[in-house]
Amino acid sequence: MIRMLKMAVLGTVLLAGTALADARAELVAFTNGLKGLDGQFSQTVYNANGAVKERSSGRVALSTPDLFRWEYSKPYEQLIVADGRKVWIYEPDLQQATVRDQGSEAQSSPLAALLKPKELDAKFDVSQAPAAQGLEWMTLTPKRDDATSGFEVAELGFANGQLKRMKVTDAVGQRTEVEFSGWKRNPAFAAGTFSYKPATGVDVVGAAQ
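The sequence shown lines up with residues -21 to -1, 1 to 188 when you count with mature numbering (1 follows the signal peptide of the UniProt record, and there is no 0).
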């Protein structure tokens, strides 16, 4: 599940119903004029029985059209970068970087809804989950013919025009919950934010070209 979310996040307007319109309104408010995002996250992974498997935290950055950075800082360091062509996963403790084509999997992630909200209904069946924890929840289920998503269902929780939480459940019932904070809209990203070049001595697994 942990690796599933990492690839899936590389990777989240109107259906009938007033409640869904409320959730859509939150999404529209959050994505209106959005070109990039930078913020912090805390992540908890649960097994199918609800027991905590792992807690972690770090930084997330997104930029249109298909750029992504997910950087773990605690309890270990790990970097995931999607540069529009390739997805790099760098594990400093192993001195290893895994690379693969970005392909369509990033386009089918829950966070894809943030950068391309107009494509939401083409990629997901969208429904309203009950309001909880002071949030309006939107449920995203990948289309049946989409085998690239890597998850069974995702929920996005909004409040005051901000994405606050994300829940992702995989095929065996494991669940990852992510809480976001400190969002900066359309920041000036530093050069190299969405690129990765293996340092000398780093073992590269996969085709980098």
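Even for Gly, the Cβ is constructed at its ideal location relative to N, Cα and C.
Sequence-distant partners of Y51 (beyond 5 residues in either direction) whose C-beta falls short of 6 Å from its own C-beta, in its chain, are S35, G37 and Q57. With a 10 Å radius around the Cβ and a threshold of 16 neighbouring Cβ atoms, Y175 comes out buried.
Cβ-Cβ separation between G140 and F20: approximately 18 Å, too far for a contact (criterion under 8 Å).
Looking at the DSSP output, A61 sits in a beta bridge with F47 and V66. Rounded to whole angstroms, G63 and F47 show a C-alpha spacing of 8 Å. When beta bridges are read from the DSSP output, R154 appears opposite Y25 and T148.
Here L41 is actually not in contact with P89; their C-beta atoms are around 12 Å apart, not less than 8 Å. Ranking I59, F103 and V31 by CA distance to the CA of V132 puts F103 first.
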